[in-house]
Structures are given as C-alpha cells and as structure tokens.
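**Q** I'd like to ask you about the structure that follows.
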Amino acid sequence: GAVVSQHPSWVICKSGTSVKIECRSLDFQATTMFWYRQFPKQSLMLMATSNEGSKATYEQGVEKDKFLINHASLTLSTLTVTSAHPEDSSFYICSARSVTGDGRGHFGDGTRLSIL
Amino acid sequence: GQQLNQSPQSMFIQEGEDVSMNCTSSSIFNTWLWYKQDPGEGPVLLIALYKAGELTSNGRLTAQFGITRKDSFLNISASIPSDVGIYFCAGYSSGGGADGLTFGKGTHLIIQP
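Chains as they are written, first to last, in my numbering: chain X, 1 to 116; chain C, 117 to 229.
Structural data, given as structure tokens:
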C-alpha cells in the first residue's frame with residue numbers, strides 16, 4: 001500500500017520550455033503533498049507544501065511564479081516549472097501524506113529534469 | 117529554520133561489517149524517520165520512530181529515537197552489497213501547519229568487496 005506515482009521520470013527539454021510534473025497517490029488519499037528538489041549528491045530540500053483545494057505554501061527562496069503547484073484532488077498534485085532554464089535542472093521528488101497524517105512521507109520515484 | 121546534522125558524510129566498509137550513523141537536531145522533533153535512496157529513485161522508508169527513547173528494528177536495521185528528541189541513530193548489522201546507497205534521516209514535528217520533512221544531508225554507504 002501507500003504507492004505514489006510520479007510522472008514523467010525523465011524530461012529533457014530546451015531552455016524556455018514549461019514542464020509539468022504529476023504526482024499521484026494511487027491507493028490512498030493525500031490531503032497534503034510536498035515537492036522537494038535534490039541536486040546531485042545533496043539532500044532533499046523542501047520547495048513547497050501543497051494542500052488539496054488551497055494555495056501552496058512555498059519555502060523561503062522558492063519563486064511561486066516559477067514553480068506553479070496545483071492540488072486539485074486528493075490524489076493528484078502537479079508541479080509546473082515555467083520557462084525552465086539550465087539552472088532549474090534537478091531531481092524533483094514529490095511526497096504524499098495520507099489523511100491519517102502520521103507524519104510519514106510516501107515518496108514518488110522522482111523526475112529528473114534536464115534543461116538544455 | 118530547523119537543521120539536521122547527519123554523520124558521517126560517507127562510509128567505506130567491508131562486507132559483513134556493522135554500520136552506525138546518526139543525526140542531531142537544533143530543535144525537537146515528534147517523529148524521526150530513516151530513509152534509503154538508490155540512484156535515480158525516490159527515498160524509501162526504512163524505520164519510523166514516534167516516541168522518545170523508542171528502539172525499533174527492521175531486519176538487520178535498528179534505529180533509536182533519542183531521549184532528548186533531538187537525535188537519532190541508525191545501525192546496520194552485517195552489511196551486504198545491497199545496503200549500498202544514501203541514507204537520510206528526517207525529522208517531523210506535527211502541529212503548527214502541515215510542514216514537510218526536514219532531511220539530513222545523507223550518509224553515503226560504500227561497501228568494498
């Protein structure tokens with residue numbers, strides 16, 4: 001149980017392109033989803049917290065107009081990297097917390113974004 | 117913000133050796149979690165700790181939630197090749213909003229044949 005699916009797993013695109021990443025909880029409902037970014041050989045850094053039906057809460061230093069988050073249902077959150085540039089290249093990972101809210105994060109397998 | 121200090125940063129060991137890594141925090145957590153991440157994949161939960169002083173095992177893995185709630189350790193006994201990867205501690209505090217996990221910087225475990 002507690003499977004989180006993230007799609008796509010790898011994206012390569014040109015600078016200036018907008019990229020949408022989906023995070024789905026397949027067998028549970030997630031009132032809260034989290035988006036993390038991980039640079040090579042570094043830890044996961046929280047970007048934003050996404051609550052179903054409301055605006056996302058962004059961490060300090062994360063541009064909300066650059067990283068658009070939508071959490072339209074209890075099983076789907078999307079992260080759109082708008083007008084992506086090479087410095088946005090990273091590994092993006094989502095995590096979903098079930099409605100029972102025991103604090104554990106169920107992670108997707110991540111999306112590797114490479115901007116040329 | 118909250119910070120987690122995880123050590124060691126990397127470990128080079130022989131197969132069969134025991135491994136120990138730990139995390140300390142500048143603030144209190146309600147929950148300590150230990151994850152393993154393989155290259156190109158998301159973190160996989162190994163052990164979750166919910167009470168101060170709690171000692172929990174999962175096969176060859178043992179983790180403890182420190183009494184002060186500001187630290188935790190993970191031990192791996194009799195390491196095998198598939199234990200290679202990056203291990204992350206993570207802390208979580210409930211209340212005050214739905215905050216994400218705070219992660220340590222990771223411990224790279226490398227097993228030499």
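Backbone N, C-alpha and C fix where the C-beta goes; we use that ideal spot for every residue, glycine too.
1. Could you compute how far the alpha carbon of G110(X) sits from the alpha carbon of I93(X)?
2. Measure the Cβ-Cβ separation of E59(X) and H71(X) and say whether it is below 8 Å.
3. Please confirm if the segment 122-139 of chain C is in contact with the segment 159-172 of chain C, defined as three or more CB-CB distances below 8 Å between the two stretches.
4. Quick test of the definition: if touching needs 3 or more C-beta pairs under 8 Å, does the segment 30-39 of chain X touch the segment 11-20 of chain X?
5. Can you tell me where the beta strand (DSSP E) with V81(X) in it begins and where it stops?
6. Would you mind reading off the limits of the beta strand (DSSP E) that contains D187(C)?
7. Please decide whether E170(C) counts as near chain X, where near means a Cβ-Cβ distance under 8 Å.
8. Just to confirm the assignment, what range does the beta strand (DSSP E) spanning G207(C) have?
9. If you follow the beta strand (DSSP E) that S25(X) is in, where does it begin and where does it stop?
10. Starting from the beta carbon of D109(X), find every residue of chain C whose beta carbon is closer than 7 Å, and list them in chain order.
11. For S195(C), which of helix, strand or coil comes out of DSSP?
12. Over what stretch of residues does the beta strand (DSSP E) that includes V135(C) continue unbroken?
13. In whole angstroms, what is the alpha-carbon distance linking P8(X) and E22(X)?
14. Whole angstroms are fine: how far does the CA of F91(X) sit from the CA of S198(C)?
15. Please tell me whether G61(X) has its Cβ less than 8 Å away from any Cβ of chain D.
16. For the beta strand (DSSP E) that R92(X) lies in, which residues bound it at each end?
**A** Reading it off the structure:
1. 4 Å
2. no
3. no
4. no
5. 76-81
6. 187-192
7. no
8. 201-208
9. 19-25
10. E157, G158
11. coil
12. 135-141
13. 7 Å
14. 23 Å
15. Judged by its chain identifiers, the structure shown contains no chain D, and its protein chains are X and C.
16. Just to set this straight, residue 92(X) is Tyr in the shown sequence, not Arg. Counting along the chain, the beta strand (DSSP E) containing Y92(X) begins and ends at 90-98.
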